[in-house]
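Peer 1: The structure under discussion is supplied below as structure tokens; questions concerning it will follow.
Chains as they are written, first to last, in the numbering used here: chain L, 1 to 118; chain X, 1001 to 1281.
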């Protein structure tokens, strides 16, 4: 369950940025999680809710933007969509694939309310 | 979301269908009770948080693992400055990681100094087994944690260093927590992840746990002396592994019979020889 340690990092990043900006609270957190990222997005979302207790982000909604997986197929010499690691190229059914997109896990932005923490 | 029945939102599935979560979620998908949108004061008018008048958007654009990755790069620089060849051994519990390390150190002999970082949830058993070979070892206990991270390895290296046991121009072998899932996400500052699959496991493990095999630069298929007693299909295991990591190099070995151990030692020696010492900036 490395999602919990990822969630601690998310809330750490969010709180750090929010405090620096003089926020009273964080109302929304937007994450970007690629389809090929090594994380279960629903679990991460839940873990973020748990970890955010007692922080400026305690009541924040947590939005996960998914990003499709893409890979370079050496056989086709083309970029193709890849739904999951271990699946073949949708065009040639081969496995000579190198992930080019969709393995990111990022904090994109947050919405804050300025002011003294409640 | 499942295209058959529209269930679920995450990747977790039961019988191919998305799981339904019983717990209520804090979702940004506008609930029915969302107050009516009011125009923002000041400059912000896009993506305005409902019910507030002074909301601001802070762009962050930061990788969730950026702190780990920064520490891993610092570790890599530190190890590079010492001319260390660093490997991160990952596998499920029971694949024979510690036995392999003990055997590897014995066969390696005095070619270069060797130190080991052992990761387990509890006990110092593994570090003790390594120390019995004469090599330096430090045990990290992760408690409830399921993986090593770069900060833990930095502290372990500090501890070796404090005892003058962090080698120069040699091998640093890191045995991760036995877990085929979580350690895949964490760069420790190693040169390579080495994944071990024992023939007492299933040959389909690379497809079941693709992230780990995708992250690896070498696959060791261990306990091959047991093959006559098992139905394990080595070629199938290799084929599956190369579906997730094309051209993944493979060494088949048994520490018991010694078969394949020369190839493994040669791979290590080539790695050590290829290390170029980069003085710390």
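Backbone N, C-alpha and C fix where the C-beta goes; we use that ideal spot for every residue, glycine too.
If we require 3 or more residues per run, which beta strand (DSSP E) segments fall completely within the segment 1082-1124 of chain X?
Peer 2: Within the segment 1082-1124 of chain X, the complete beta strand (DSSP E) runs of at least 3 residues are 1085-1090 and 1114-1120.
Peer 1: Would the beta-carbon of residue 1092/X fall within 7 Å of that of residue 1178/X?
Peer 2: It is a contact, given that the beta carbons lie within the stated cut-off.
Peer 1: Identify the contact partners of residue 1185/X in chain L, using a Cβ-Cβ distance below 8 Å as the criterion.
Peer 2: Residues of chain L passing the Cβ test: 2, 6, 38 and 39.
Peer 1: Spatial neighbours of residue 43/L within its chain, please: CB distance less than 7 Å, with the 5 preceding and 5 following residues excluded, ordered by chain position.
Peer 2: Result list for residue 43/L: 3, in chain order.
Peer 1: Taking DSSP as the reference, what is the three-state secondary structure of residue 1152/X?
Peer 2: In the structure shown, residue 1152/X sits in a helix (DSSP, three-state: H, G or I).
Peer 1: Helix, strand or coil for residue 1223/X, going by three-state DSSP, please let me know.
Peer 2: In the structure shown, residue 1223/X sits in coil (DSSP, three-state: anything other than H, G, I, E or B).
Peer 1: So, is residue 1125/X buried or exposed, given that buried needs 16 or more other C-beta atoms within 10 angstroms?
Peer 2: Result: exposed.
Peer 1: Which one or two residues does DSSP pair with residue 72/L in a beta bridge?
Peer 2: Answer is 79/L and 98/L, bridged to residue 72/L.
Peer 1: Quick check on residue 1161/X: does DSSP put it in helix, strand or coil?
Peer 2: Correct three-state label for residue 1161/X: helix.
Peer 1: Of all the options 117/L, 7/L, 113/L and 71/L, which has the alpha carbon lying nearest to the alpha carbon of residue 41/L?
Peer 2: Ranking the options by Cα distance to residue 41/L, first place goes to 7/L.
Peer 1: In the DSSP assignment, what are the bridge partners of residue 1342/X?
Peer 2: Coverage of chain X is limited to positions 1001 through 1281, which leaves residue 1342/X absent and any answer about it impossible.
Peer 1: Secondary structure at residue 23/L, three-state DSSP: helix, strand or coil?
Peer 2: Three-state result, residue 23/L: strand.
Peer 1: Per DSSP, what kind of secondary structure is residue 1218/X in: helix, strand or coil?
Peer 2: Strand.
Peer 1: Going straight from the alpha carbon of residue 1213/X to that of residue 23/L, what length do you get?
Peer 2: Their Cα atoms are separated by approximately 42 Å.
Peer 1: Spell out a yes or no on whether the segment 1247-1259 of chain X and the segment 1109-1121 of chain X are touching, meaning 3 or more CB-CB pairs, one atom from each, closer than 8 Å.
Peer 2: As far as the Cβ criterion goes, the segment 1247-1259 of chain X does not touch the segment 1109-1121 of chain X, which means the pair count is below three.
Peer 1: Taking the alpha-carbon of residue 1211/X as reference, which of 1224/X, 1226/X and 1242/X has the nearest alpha-carbon?
Peer 2: If we check each option's Cα against that of residue 1211/X, 1242/X comes out closest.
Peer 1: Could you give the distance in angstroms between the alpha-carbon of residue 68/L and the alpha-carbon of residue 108/L?
Peer 2: Approximately 16 Å, taken between the alpha carbons.
Peer 1: Taking 7 Å as the CB-CB cut-off, is residue 1155/X touching chain L?
Peer 2: Residue 1155/X does not count as touching chain L.
Peer 1: Step through the CB atoms of chain X and report whether any lies within less than 7 Å of the CB of residue 13/L.
Peer 2: Yes - at least one Cβ of chain X is within 7 Å of the one on residue 13/L.
Peer 1: What residue does the beta strand (DSSP E) around residue 110/L start on, and which one ends it?
Peer 2: Its beta strand (DSSP E) spans residues 105-114.
Peer 1: At least one CB of chain L closer than 7 Å to the CB of residue 1248/X: is that the case?
Peer 2: With 7 Å as the cut-off, residue 1248/X does not count as an interface residue toward chain L.
Peer 1: Using the Cα positions of residue 1110/X and residue 1059/X, report the straight-line distance between them to the nearest angstrom.
Peer 2: If you take the alpha carbons of residue 1110/X and residue 1059/X, they lie about 53 Å apart.
Peer 1: Using CA atoms only, rank isn't needed, just tell me which of 1129/X, 1066/X and 1206/X is closest to residue 1188/X.
Peer 2: Among 1129/X, 1066/X and 1206/X, the Cα nearest to that of residue 1188/X belongs to 1066/X.
Peer 1: In this structure, how does DSSP classify residue 1231/X when only helix, strand and coil are distinguished?
Peer 2: It is coil, neither helix nor strand.
Peer 1: Output the distance between the C-alpha atoms of residue 1261/X and residue 1254/X, rounded to the nearest integer angstrom.
Peer 2: Between residue 1261/X and residue 1254/X, the C-alpha separation is close to 7 Å.
Peer 1: So, helix, strand or coil for residue 984/X, using DSSP?
Peer 2: Coverage of chain X is limited to positions 1001 through 1281, which leaves residue 984/X absent and any answer about it impossible.
Peer 1: Indicate the three-state DSSP secondary structure (helix, strand or coil) for residue 1266/X in the structure shown.
Peer 2: Of the three classes helix, strand and coil, the one that applies to residue 1266/X here is helix, per DSSP.
Peer 1: I want to know whether the segment 1144-1162 of chain X touches the segment 1075-1090 of chain X - three or more CB-CB distances under 8 Å.
Peer 2: Yes, they touch.
Peer 1: Since residue 1274/X sits in a beta bridge, which residues does DSSP pair it with?
Peer 2: According to DSSP, which records beta bridges pairwise, residue 1274/X is partnered with nothing at all.
Peer 1: Using DSSP bridges, identify the partner residues of residue 61/L.
Peer 2: Per DSSP, 28/L.
Peer 1: Taking all protein chains shown into account, decide if residue 20/L is buried (16 or more other Cβ within 10 angstroms of its Cβ) or exposed.
Peer 2: It is exposed - the Cβ of residue 20/L has fewer than 16 other Cβ atoms within 10 Å.
Peer 1: Does DSSP put residue 13/L in a helix, in a strand, or in coil?
Peer 2: Helix.
Peer 1: Does the Cβ of residue 103/L have 16 or more other Cβ atoms within 10 Å, making it buried, or fewer, making it exposed?
Peer 2: When all chains shown are included, residue 103/L counts as buried.
Peer 1: Would you report the Cα separation of residue 1147/X and residue 1113/X, rounded to the nearest angstrom?
Peer 2: Those two C-alpha atoms are separated by around 26 Å.
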